[in-house]
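Mature numbering (1 follows the signal peptide of the UniProt record, and there is no 0) puts the sequence shown at residues -22 to -1, 1 to 408. Data first, discussion second: the structure below is written as structure tokens.
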Amino acid sequence: MRSAPAVLLAFLLLVVSGPLLAAPPAPAEPPAPRPLRVLFIGNSYTYNNNLPALLEGLARSATPPLRVQTRAIARAGVRLQQHWDRGEALAALRQGSWDYVVLQEQSTLGLRLIDGRHVVNDPELTFHPYARRFAEEARKVGAQPLFLLTWARRNTPESQAQLTQAYMSVARDLGAPIVPAGLAWSRIRQEFPELVLYHPDGSHPSPAGSYLTAVSLYATLTGNSPVGLASLLSGHPSPEGVLDPSRTVTLASLPPEDAERLQRAAWATFEELRQSGGYVTGEPLPPEPLPSLPEGQPLEPATLLGTWRGEMRFYSEEAGQSPATLQLVLRPQGSGLGGTARIVFANGKSEGPFALEQLAVEPARLRFTTPVLSQGRGRVEHEAVLTEEGMTGRALYENPRNHDRYVGTWKLLRPAPPAPAPQAPSPPRE
């Protein structure tokens, strides 16, 4: 018979060894990979068709799927300088653990019009200084700044070279990657002009244009080809840059063959840029020439009196404002001249009449100012000369804070001479 201590020892061994003899637990599943976090700072080129959501959808359709989380700070027409001053973008950048910060400048690097047409502004005025500031802040939080090279407007394809030079130079200086969307747009416009990349306004992207930008982003962020990714993508709309999570809409629905053309164009453009070291180089392009005035005739106040009417190219052609009709009415006032102006825009809207201010008649120049109207605060400065054909003028508006600049011209016809007074019939001779 076994002793009590022996029985107790056997019992304890059984209790202790029992769990060791049981089946091992199932291995824990590895944690899901951390999503790629991307912050967008831009304007309507970013929020139209919800570009960040398109990127998320493309990444989900990849094999294997890639998780991308995005946030956009984007408002209509806003440039990087304004984002910096408002503070919302900086706060978002500093609060999130972002992998990339996508920087998209205003479409012409600030507003600059010549004869009513948008042209690319000098990048050193505001784009480059504020691009450098945002890039520095991104790197402080461990994020990589990324520059989204945008596209030229439909009616000014020649401006793509200026946009490309402006983006490439600052990105190269900062060692930041470029998303070559604008170059991919140029490729599609040359190879498949039937594909509609533009909204009817000729500036903003259509769904196909946003899709091309999104696959360019995907290629740059991942280094992988976007060929074969989804062509039907849905998500929340973002009207005016404010996400509406209560609705889900179709953001892009492209025929598979069109989607493949866009995908291949984006990948070919990315590959060419990568093989060139990530940047294309070129000499700085000269600025657009400014309109000038011809030689004028000597001026006398009496020769200017009356109503002058003609064409003015100063306000935005894209917005349906140019060519406008300018009417000047000049009349005696004290010892000099006074007058009013009225403008009828191409879209039928009108402004005025309003008084001409700082009106001065010089030996060969007429000078005055008018309100800037829809373009912002300040005054438009006009100078004009008298020619055989009529009056030719130049208008200039500059905003010293944000360096907006508009230069335009106008040509007015001489006032018609007054009709001679009817003469009374002579009495018949006797």
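Even for Gly, the Cβ is constructed at its ideal location relative to N, Cα and C.
Contact under 8 angstroms by Cβ, residue i with residue j
i      : j      : result
Val16  : Trp76  : yes
Glu359 : Leu337 : no
Tyr78  : Ser216 : no
Val157 : Leu195 : yes
Val119 : Phe18  : no
Arg392 : Gly371 : no
Leu229 : Ser254 : no
Gly180 : Arg252 : no
Ala69  : Gly219 : no
Leu334 : Phe346 : yes
Gln356 : Phe292 : Note that residue 356 is Gly in the sequence shown, not Gln. In this structure, Phe292 does not lie closer than 8 angstroms to Gly356 by Cβ.
Leu173 : Ala192 : no
Same chain, Cβ closer than 6 angstroms to residue i, neighbours up to 5 away in sequence not counted
i      : result
Arg239 : Phe170
Trp129 : Gly160 and Trp163
Val56  : Asn21
Arg95  : Glu295
Gly274 : Ala342, Val363 and Leu364
Arg49  : Leu17
Buried or exposed by the 16-neighbour rule on C-beta atoms within 10 Å, applied to residue i
i       : result
Gly206  : exposed
Pro123  : buried
Gln82   : buried
Phe332  : exposed
Thr86   : buried
Gly317  : buried
Asp222  : exposed
Asn99   : buried
Ala280  : exposed
Ser137  : buried
Pro30   : buried
Ser(-6) : Low local confidence applies: a pLDDT of 49 at Ser(-6) is under 50, so the model's placement there is unreliable, and no value is given.
Leu232  : buried
Ser300  : buried
Gly201  : exposed
Gln84   : buried
Gly183  : Here residue 183 is Pro; the residue named in the question, Gly, does not match the sequence. Result: buried.
Bridge-paired residues (DSSP) for residue i
i      : result
Arg383 : Arg90 and Glu376
Ile19  : Ile51 and Leu81
Ser188 : DSSP, once it has assigned bridges, lists no residue as partnering Ser188.
Met122 : The identity of residue 122 in the sequence shown is Gln, whereas the question assumes Met. According to DSSP, which records beta bridges pairwise, Gln122 is partnered with Tyr78.
Leu391 : Arg287 and Gly368
Thr302 : A quick correction: the sequence has Ala, not Thr, at residue 302. According to DSSP, Ala302 bridges with Met290.
Gln311 : Gly314
Arg96  : For the record, residue 96 in the displayed sequence is His; it is not Arg. According to DSSP, His96 bridges with Leu91.
Leu68  : Leu68 pairs with nothing; no bridge assigned.
Tyr257 : Answer by DSSP bridge pairing: none, since Tyr257 is not bridged.
Phe346 : His360
Phe332 : Ala319
C-alpha distance - residue i paired with residue j, whole-angstrom precision
i           : j      : result
Asn27       : Leu190 : 12 angstroms
Thr303      : Glu102 : 35 angstroms
Ala154      : Phe125 : 7 angstroms
Leu44       : Gly35  : 9 angstroms
Arg117      : Leu152 : 11 angstroms
Thr259      : Arg150 : 9 angstroms
Leu282      : Pro378 : 33 angstroms
Arg111      : Ala121 : 14 angstroms
Arg12       : Gln47  : 10 angstroms
Arg237      : Leu33  : The amino acid at residue 237 is misidentified as Arg; the sequence shows Ala. So the alpha carbons of these two residues sit roughly 14 angstroms apart.
Leu91       : Thr41  : 46 angstroms
Ala208      : Ser188 : 14 angstroms
residue 416 : Arg320 : For the chain, the structure presents residues -22 to 408; residue 416 sits outside this window and is missing.
Asn325      : Gly74  : 45 angstroms
Asp382      : Gln140 : 17 angstroms
Pro265      : Val97  : 9 angstroms
Trp62       : Tyr257 : 26 angstroms
Leu127      : Tyr23  : 11 angstroms
Sequence-distant residues of the same chain with beta carbon closer than 8 angstroms to residue i, five excluded per side
i      : result
Ser203 : Ala197, Gln241 and Trp245
Pro341 : Pro276 and Leu277
Val227 : Ser212, Gly213, His214 and Pro215
Glu66  : Ile51
Arg165 : Ala243, Ala246 and Thr247
Leu271 : Glu361, Ala362, Val363, Thr370, Gly371 and Arg372
Residues near residue i by beta carbon distance below 7 angstroms, same chain, minus five either side
i       : result
Ala(-1) : Residue confidence is low: Ala(-1) scores 47 on pLDDT, short of 50, so the model does not pin down where it sits. Its coordinate-derived value is still stated next. For Ala(-1), where only same-chain residues beyond five positions count, there are no Cβ hits under 7 angstroms.
Asn59   : A quick correction: the sequence has Gln, not Asn, at residue 59. The residues are Thr104, Tyr108 and Asn380.
Lys389  : Gly288, Glu289, Gly368 and Thr370
Residue i CB to nearest heavy atom of the ligand GTP below 7 angstroms
i     : result
Arg15 : Because no ligand of any kind appears in the structure shown, any question about the ligand GTP cannot be addressed here.
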